[in-house]
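Chains as they are written, first to last, in this note's numbering: chain A, 5 to 297; chain B, 5 to 297.
Number of protein chains: 2
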Amino acid sequence: MLPDLVSLSLFLRAVEARSLSKAAAQSHLALAAASRRIAQLEHCYGVQLLYRSAQGVEPTPAGNSLAFHARQLLHQEERLRAELSDFAKGIRGHIRIQANTSAITQFLPGDLAAFVAEFPDVKLELEESRSIRIAQALREGSTEIGIVLNGTDLQGLESFDYRADRLVAVVPRGHALRRRKARFAELIRHDLVGLDSGAAMMRLLADAAAELGEPLRLRVQVSSFEAVCKLVQAGMGIGVLPEGAARDFAAVIGLRQIHIEDAWAARQMLVAVRRLDALSPVGRKLVARLVAG
Amino acid sequence: MLPDLVSLSLFLRAVEARSLSKAAAQSHLALAAASRRIAQLEHCYGVQLLYRSAQGVEPTPAGNSLAFHARQLLHQEERLRAELSDFAKGIRGHIRIQANTSAITQFLPGDLAAFVAEFPDVKLELEESRSIRIAQALREGSTEIGIVLNGTDLQGLESFDYRADRLVAVVPRGHALRRRKARFAELIRHDLVGLDSGAAMMRLLADAAAELGEPLRLRVQVSSFEAVCKLVQAGMGIGVLPEGAARDFAAVIGLRQIHIEDAWAARQMLVAVRRLDALSPVGRKLVARLVAG
DNA sequence: GCAGGGCCTTCGCCGTTTGCGAAGGCCCTG
DNA sequence: CAGGGCCTTCGCAAACGGCGAAGGCCCTGC
Numbered sequence: 005m006l007p008d009l010v011s012l013s014l015f016l017r018a019v020e021a022r023s024l025s026k027a028a029a030q031s032h033l034a035l036a037a038a039s040r041r042i043a044q045l046e047h048c049y050g051v052q053l054l055y056r057s058a059q060g061v062e063p064t065p066a067g068n069s070l071a072f073h074a075r076q077l078l079h080q081e082e083r084l085r086a087e088l089s090d091f092a093k094g095i096r097g098h099i100r101i102q103a104n105t106s107a108i109t110q111f112l113p114g115d116l117a118a119f120v121a122e123f124p125d126v127k128l129e130l131e132e133s134r135s136i137r138i139a140q141a142l143r144e145g146s147t148e149i150g151i152v153l154n155g156t157d158l159q160g161l162e163s164f165d166y167r168a169d170r171l172v173a174v175v176p177r178g179h180a181l182r183r184r185k186a187r188f189a190e191l192i193r194h195d196l197v198g199l200d201s202g203a204a205m206m207r208l209l210a211d212a213a214a215e216l217g218e219p220l221r222l223r224v225q226v227s228s229f230e231a232v233c234k235l236v237q238a239g240m241g242i243g244v245l246p247e248g249a250a251r252d253f254a255a256v257i258g259l260r261q262i263h264i265e266d267a268w269a270a271r272q273m274l275v276a277v278r279r280l281d282a283l284s285p286v287g288r289k290l291v292a293r294l295v296a297g
Numbered sequence: 005m006l007p008d009l010v011s012l013s014l015f016l017r018a019v020e021a022r023s024l025s026k027a028a029a030q031s032h033l034a035l036a037a038a039s040r041r042i043a044q045l046e047h048c049y050g051v052q053l054l055y056r057s058a059q060g061v062e063p064t065p066a067g068n069s070l071a072f073h074a075r076q077l078l079h080q081e082e083r084l085r086a087e088l089s090d091f092a093k094g095i096r097g098h099i100r101i102q103a104n105t106s107a108i109t110q111f112l113p114g115d116l117a118a119f120v121a122e123f124p125d126v127k128l129e130l131e132e133s134r135s136i137r138i139a140q141a142l143r144e145g146s147t148e149i150g151i152v153l154n155g156t157d158l159q160g161l162e163s164f165d166y167r168a169d170r171l172v173a174v175v176p177r178g179h180a181l182r183r184r185k186a187r188f189a190e191l192i193r194h195d196l197v198g199l200d201s202g203a204a205m206m207r208l209l210a211d212a213a214a215e216l217g218e219p220l221r222l223r224v225q226v227s228s229f230e231a232v233c234k235l236v237q238a239g240m241g242i243g244v245l246p247e248g249a250a251r252d253f254a255a256v257i258g259l260r261q262i263h264i265e266d267a268w269a270a271r272q273m274l275v276a277v278r279r280l281d282a283l284s285p286v287g288r289k290l291v292a293r294l295v296a297g
């Protein structure tokens, strides 16, 4: 029923070398054995996989498809092997996490650092991604823990409050806007320094602007919070950032923060998993730590 | 050396049922055989995978990792099986394509339609993606043909010119801007209707605006060319679109096109593959058709 | 035009692997 | 402390998978 990875690897070599005998040699098999393995593969899927001739073999269209998938499968197996070899070397746990930019630039590094300090033999794999893709990845099981913003569709997932993430505006010292608080309706009259529009935050700003019936005066769009701060300092306009990023980047170069009073400026980040009780114990521990933290 | 997929599936069931006997039953194996398969899996990777007790089994941390990868591997195998079963049903070819939005909304549907008309038993899988991700996918072999914009980093790939893709501005009838041609410096004084900022086009506009030292007056951002046209018609501002999209959506609702004279408005789309001669014959044929078309 | 050699398949044999039931150890439950 | 559920180990039989030899096919070169 299920194909043999050895046969798949043999098949792949046969396609690449255009020769069964060479593939057999590379796989340390006798030609007879190789031939039978391929025949059995064909039988298993009910399709002819190779055209045979006196000059060698050539993949059929189905054979091409199989070669494609065989590569993926073997590649996947390699990753598996690599990961398990970590365990042989003393690692005691492995957790895959995907998080959005705001989480990664603000709270996650600290929280994860505290976690690995306590569990030094747990390996974390952190990947940055957009909230929607994170939800997808969780659903299809290609990651274990996700950090997303509220508003993301979490159908079919379990989620828990992580941190609050407030958006603030930053202006250079001496900017005309002197207040400590403002509504977005006032900010929007000024030029803005924005992020690339894939960011969830930019969508929020665009929606808010549409609501007000005003254009967004985006003067530049850059891809990092730090770059936003530099450009704000250079007088290109007002920046909008998560509070934590403003603290890290804006404060140190002397930008002033302005509290945004609109309700949408208060965002909630969530820790999401597919099923908490299907998670590994150490994974659950990390979720608990994040949610408690 | 290479693990047996049957053993992986058995292992997965054991982890999920927390019981070797149940897993053995589900896999139609005697308990003894199941036990031995797991032991052999542990030997193969040199790690303990399960904690055994009189109450059943529990995955070790390494076991959790293996379970994760086993799921992926088996899932992948299922897709393989599904695809090969197409061939058993008479499909004669299968090509995976990823393309950016501009290509998908303009030229690709027509070109692909012509191709499948000629090769009706070839199944095409088309996925929309961003140019950068497409290049990644080609490099790691998870797609066969990619359509990207010039300017994308194609290191390590082979590429061929596909179609030229000119950006044009669209305005409602009676708009103040009366010309047939304009430089972007003039357009930028008006409100714009933009796309979500992940789009390559928006990055182009943002860069052009930065070059001019002017803000982009983005009034709304939407996610489809069609929506841009509707909003332009509603008087929200000037739209910028690929020429082909303007022809399809803008012309029919009576918008006027303005040629953008700046050099960056002329973009070139490329067909990219990892290695042309590693492609299936029908894949090569499609590339040839696209490049010739 | 035919011998030679390279390619794959098929065949028969044999060693290893794999499956099975039975027996055994362990731990919790009552 | 007997009973039952769990997993492992054991010995045996069947099946699988490997091997070399033989065979068919086609191209090459003398």
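Heads up, the beta-carbon is just placed ideally off N, CA and C, and yes, glycines get one too.
Buried versus exposed, by CB contacts within 10 Å (16 or more), H98 (chain B): H98 (chain B) comes out buried.
Assigned exposure category for P124 (chain B) - 16 Cβ within 10 Å defines buried: With fewer than 16 Cβ atoms within 10 Å of its Cβ, P124 (chain B) is classed as exposed.
Within chain B, the residues that G97 (chain A) reaches when beta carbons sit closer than 7 Å: Result: P65.
Selected residue, minimal CA-CA separation from L220 (chain A), among A:S228, A:A210, A:S227, A:G178: The option with the nearest alpha carbon to L220 (chain A) is A:A210.
Residues sharing a beta bridge with Q225 (chain A), DSSP: Residue pairing by DSSP puts Q225 (chain A) in a beta bridge opposite A:G198.
C-alpha distance - S23 (chain B) paired with S39 (chain B), whole-angstrom precision: Roughly 11 Å between the two C-alpha positions.
C-beta contact flag for L280 (chain A) and V291 (chain A) at 8 Å: Yes, the pair counts as a contact, with Cβ atoms nearer than the cut-off.
Nearest residue (CA-CA) to G241 (chain A), options A:L216, A:L196, A:V275: The shortest Cα separation from G241 (chain A) among A:L216, A:L196, A:V275 belongs to A:L196.
Residue of A:A71, A:S13, A:T64, A:T105 minimising C-alpha distance to A92 (chain B): Out of A:A71, A:S13, A:T64, A:T105, A:T64 has the C-alpha closest to the C-alpha of A92 (chain B).
With 16 other Cβ atoms within 10 Å as the buried cut-off, status of M206 (chain B): Answer is buried; the Cβ neighbour count reaches 16.
Proximal residues to G94 (chain A) (C-beta, below 8 Å), its chain only, five neighbours per side dropped: Excluding positions up to five away in sequence, the list reads D125.
Beta-carbon neighbours of L77 (chain B), restricted to chain A and to distances below 8 Å: Below the 8 Å Cβ cutoff, chain A contributes L77, Q80, E81, L84 as neighbours of L77 (chain B), in chain order.
Proximity to S57 (chain B) [Cα-Cα], best of B:A34, B:L88, B:S25: The shortest C-alpha separation from S57 (chain B) is found at B:S25.
Given 8 Å, three or more beta-carbon pairs between the region 104-120 of chain A and the region 26-33 of chain B: With a cut-off of 8 Å on Cβ pairs, the region 104-120 of chain A is not in contact with the region 26-33 of chain B, counting fewer than three such pairs.
Boundaries (first-last residue) of the alpha helix (DSSP H) holding M205 (chain A): Judged by DSSP secondary structure, M205 (chain A) falls within the alpha helix (DSSP H) whose first and last residues are 204-216.
Q272 (chain A) versus A:E62, A:V174, A:R170, A:I42, residue with shortest Cα-Cα distance: Of the candidates A:E62, A:V174, A:R170, A:I42, A:R170 places its Cα closest to the Cα of Q272 (chain A).
Assigned secondary structure, Q30 (chain A) (DSSP; H/G/I helix, E/B strand, else coil): Q30 (chain A) sits in a helix when the DSSP states are folded into three classes.
Coarse secondary structure for A269 (chain A), derived from DSSP in three states: Reduced to three states, the DSSP call for A269 (chain A) is helix.
Below-8 Å beta-carbon distance, Y55 (chain A) vs any chain B residue: Chain B, which has no Cβ nearer than 8 Å to the Cβ of Y55 (chain A), makes this no.
Min CB distance R221 (chain B) to chain A below 8 Å: Cβ-Cβ to chain A under 8 Å: yes for R221 (chain B).
Proximal residues to L12 (chain A) (C-beta, below 7 Å), its chain only, five neighbours per side dropped: Closer than 7 Å at the Cβ level, and outside the excluded window around L12 (chain A), lie A74, L77, L78.
Within-8 Å CB hit, L6 (chain B) to chain A: It does; some Cβ of chain A falls within 8 Å.
N-terminal and C-terminal residue of the alpha helix (DSSP H) that V120 (chain B) is part of: 112-122 is the extent of the alpha helix (DSSP H) around V120 (chain B).
For I151 (chain A), the nearest candidate out of A:A270, A:L235, A:Y166 (CA to CA): Among A:A270, A:L235, A:Y166, the Cα nearest to that of I151 (chain A) is on A:Y166.
Pairwise C-alpha distance: L53 (chain A) and H47 (chain A): As the crow flies, the alpha-carbon of H47 (chain A) is around 10 Å from that of L53 (chain A).
Terminal residues of the alpha helix (DSSP H) in which A139 (chain A) lies: Per DSSP, A139 (chain A) belongs to the alpha helix (DSSP H) from 135-143.
Residue(s) in a DSSP beta bridge with I262 (chain B): DSSP lists B:A173 as partners of I262 (chain B).
Meets three-Cβ-pair contact criterion under 8 Å: the region 254-262 of chain B and the region 177-192 of chain B: Yes, they touch.
Contact set for R17 (chain A): own chain, Cβ-Cβ below 7 Å, skip 5 residues either direction: Here the set comprises A27, Q30, S31.
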